[in-house]
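Heads up, the thing below is written out as structure tokens.
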Amino acid sequence: MTPVVVTLGVVLGSAALVISLPYWLPPAVVALRVRIFARVNGANSVAVPGRLVGVERFRQVYSHPAADGRSRGAALSDLFWYWLSPGPHVHQEHLEPGERYDQAARATRGFLHMPRAEAQELTAACAASVLDDPAVRAGGLVRLRDLMMPVWAEFYHRLVFGQPCPPHARRLIVDNATDVANALKCCGLRHLDRRDRLTAYLRPKLAAGEALRPLPGLLSADERAWYVHGTFFTTGVVQMSEAMAHVLMALAQHDPVRQRLAACEPGADRLLGHVIDETLRQYPLFGVAHRITSADIDVDERTRIPAGAVLCFNYPQFQRAGFADPDRFDPDRWLRIPAKDANFIPFGIASNRPCPAWHLAPITMVTLTREVLARFDLRTSARHTRSMPNRGPCLLVPRAGGPSRSRIAASLLYLRLRDRFEDVWRSLAQLGFGSYMVPDARRQGLCTGYFASLSPRRADP
Ligand code: HEM
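Here numbering that gives the first Met the number 0 is used: the first residue of the sequence shown is 0, the next is one more, and so on.
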């Protein structure tokens with residue numbers, strides 16, 4: 000072979016590799032992440048559904064009274080405690096069963112209990128406070144998760160304190176939630192200074208008795224600030240922003256569904272409920288939720304899961320099983336299948352620590368989706384995946400006086416190219432950040448260290 004042919008081969012090969020990167024690299028990174036999660040727990044990890052527990056026994060095992068350990072004894076917990084710091088030992092989702100958990104769960108229910116009409120009114124007011132800003136009203140390219148965060152910062156500030164959120168507090172809440180979400184997806188490292196600034200804002204307000212509802216009595220003043228921070232301003236704001244970004248991305252990608260909603264055809268309300276269900280089925284916010292078994296679980300006559308096992312419940316896998324054409328976004332499938340009979344658990348399992356926002360979240364999502372659609376048409380050419388590391392790039396087209404068709408087409412072309420290009424460098428960045436954070440979380444061992452430090456008599460953290 001002549002040197003020219005070799006050089007040409009190398010150039011063409013390199014070009015083919017670079018061009019193909021957007022197609023295989025991002026999914027490969029996601030697959031690697033799933034494998035790392037499975038490996039972190041080592042031999043005592045049990046994938047559900049999986050070899051020992053099929054889809055048909057998923058609910059049975061998830062609901063089992065012995066599937067009740069939350070943090071202690073799972074190496075995976077060190078990762079979540081690291082990502083959700085500060086104060087992970089008092090976040091409701093990490094507390095072991097016991098009096099402190101019961102108090103936290105009661106307090107959360109107290110805050111989240113809100114009549115439907117009040118929830119709708121509050122959501123609409125928070126939506127207006129963000130969407131009617133002239134800079135937003137003008138439309139253009141946005142990241143939907145970023146667009147949604149200030150709405151939920153406002154909402155949860157008003158829900159906890161009964162007062163509008165001052166602009167500097169909104170920035171603190173959004174900075175904290177953005178930092179947590181980016182770290183969880185390995186799109187960036189943690190910045191604990193940003194998170195601590197929010198705790199510092201909350202602590203004196205809570206100490207002065209400004210919270211609208213009672214806080215868990217067993218917690219110290221610092222712990223109460225971390226509990227409120229973790230439950231409402233981390234979990235609440237992150238989950239609602241992610242969920243809404245998924246709903247709006249799905250609508251932006253499916254013109255006929257969006258047009259049916261915009262036309263307010265009869266049954267549009269019902270359709271919107273089905274859009275939200277279908278979105279949460281296809282893009283569940285949890286990839287894996289884990290539990291540690293406190294006693295043996297007999298799955299059937301031949302299968303026993305031992306005490307101390309880490310059960311990893313895989314939501315995406317469960318919610319694909321048993322659906323015809325599961326990868327198709329089809330809100331109308333819910334006309335044919337009652338949600339309660341389907342493999343569909345967007346808010347967890349009722350008998351085992353389900354989401355306390357189970358009732359409130361869908362009501363507020365319906366209202367916010369309507370508020371967005373009343374002001375904008377949505378268009379996107381970006382990729383929509385469950386972990387959504389691109390934060391939902393989308394074109395907001397104002398209902399009145401929007402850009403011309405050719406401008407929209409040009410924006411969508413630009414969006415597609417930018418998204419594919421970003422996918423490549425982001426995947427590499429995720430690999431880099433993940434390679435640093437996973438071992439760092441293991442080294443810090445926040446959860447392991449916490450339980451090791453407890454005296455045997457104080458086993459009720
Ligand atoms: C659409 C939005 C949401 C979805 C899809 C969602 C989903 C879930 C799921 C699946 C679980 C159970 C995980 C498990 O079994 O370990 C859960 C737990 C939890 N969620 Fe949500 N969530 C959402 C919104 C919220 C909001 C707004 C808040 C707070 C304001 C919240 C707070 C919590 C807490 C504290 C837990 C732990 C419950 C416990 O362990 O007792 N979630 N969520």
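For glycine and all other residues, C-beta sits at the position ideal for the given N, C-alpha and C. In this text, all values refer to a predicted model and were calculated from it rather than measured experimentally.
Within this structure, are the beta carbons of residue i and residue j separated by less than 8 angstroms?
| i | j | result |
| --- | --- | --- |
| N342 | V54 | yes |
| D77 | L445 | yes |
| L359 | A124 | no |
| T292 | A66 | yes |
| G72 | G307 | yes |
| L31 | V423 | no |
| V129 | P149 | yes |
| P364 | V246 | The sequence as given places Met at residue 364; Pro does not occur at that position. Going by C-beta atoms, M364 is nearer than 8 angstroms to V246. |
| M248 | T379 | yes |
| L197 | F232 | yes |
| R382 | D329 | no |
| P397 | A116 | no |
| S62 | I348 | yes |
| G8 | C185 | no |
| I172 | V437 | no |
| I275 | P361 | yes |
Throw me the rounded Cβ distance for the residue i and residue j pair, which I believe falls under 8 angstroms.
| i | j | result |
| --- | --- | --- |
| A104 | P355 | 7 angstroms |
| D174 | R189 | D174 to R189, Cβ: 12 angstroms. No contact. |
| D331 | H273 | 7 angstroms |
| S395 | L411 | The sequence given here places Leu at residue 395; Ser does not occur at that position. 13 angstroms between Cβ atoms; not a contact. |
| L260 | L271 | 6 angstroms |
| L16 | H289 | Not quite, the Cβ-Cβ distance comes to about 37 angstroms (not below 8 angstroms), so this is no contact. |
| A472 | V236 | Past the boundaries of the shown model lies residue 472; the chain is included only from 0 to 460, so the question cannot be answered. |
| V385 | G286 | Reading the sequence as shown, one finds Arg at residue 385 and not Val. Yes, they are in contact, since the Cβ atoms of R385 and G286 sit about 7 angstroms apart, within 8 angstroms. |
| E98 | L217 | 6 angstroms |
| L250 | L377 | 6 angstroms |
| R425 | P388 | 6 angstroms |
| W333 | E370 | So it is not a contact: roughly 23 angstroms between Cβ atoms. |
| H93 | P85 | At roughly 12 angstroms, the Cβ-Cβ gap does not stay under 8 angstroms, so H93 and P85 are not in contact. |
| L183 | W82 | 5 angstroms |
| R202 | A220 | 7 angstroms |
What does a CB cutoff of less than 6 angstroms around residue i pick up in its chain, not counting 5 residues either side in sequence?
| i | result |
| --- | --- |
| A458 | The predicted model places A458 with a pLDDT of 48, which falls under 50 and marks its position as unreliable, so this point remains unresolved. |
| T230 | Q91, T107 |
| R144 | S240, A244, R390, G391 |
| R456 | Note on R456: pLDDT 48, under 50, position unreliable in the model; the coordinate value appears next. No residues qualify anywhere along the chain. |
| R319 | P325 |
| F450 | R71 |
| L279 | P345 |
| Y314 | P283, F285 |
| Y100 | L94 |
Can you list, in chain order, the residues of its chain whose CB lies under 7 angstroms from that of residue i, leaving out five sequence neighbours each side?
| i | result |
| --- | --- |
| A168 | H156, Y200 |
| E209 | F160 |
| V60 | V47, V52, A66, I296, V298, L310 |
| P21 | R419, D422, V423 |
| Q281 | F328 |
| P96 | D67 |
| L372 | L260, A261 |
| S350 | S62 |
| R142 | R390, G391, P392 |
Please go through the same chain and pick out, in chain order, the residues whose beta-carbon is closer than 8 angstroms to the beta-carbon of residue i, but skip the five residues on each side of it.
| i | result |
| --- | --- |
| F57 | V47, P48, F312, F317, N342 |
| L214 | A106, L205, R223, Y226, V227 |
| L51 | V45, V298, T302, I304 |
| L211 | F110, L158, V159, F160, G161 |
| P337 | none |
In terms of DSSP beta bridges, what is residue i paired with?
| i | result |
| --- | --- |
| R303 | D297 |
| L377 | L395 |
| N351 | I348 |
| L310 | V45, R290 |
| V141 | C393 |
| G235 | DSSP, once it has assigned bridges, lists no residue as partnering G235. |
| G68 | I291 |
Do we get a CB-CB distance below 8 angstroms when we pair residue i with the residues of chain D?
| i | result |
| --- | --- |
| V45 | No chain D is present in this structure, which holds just one protein chain. |
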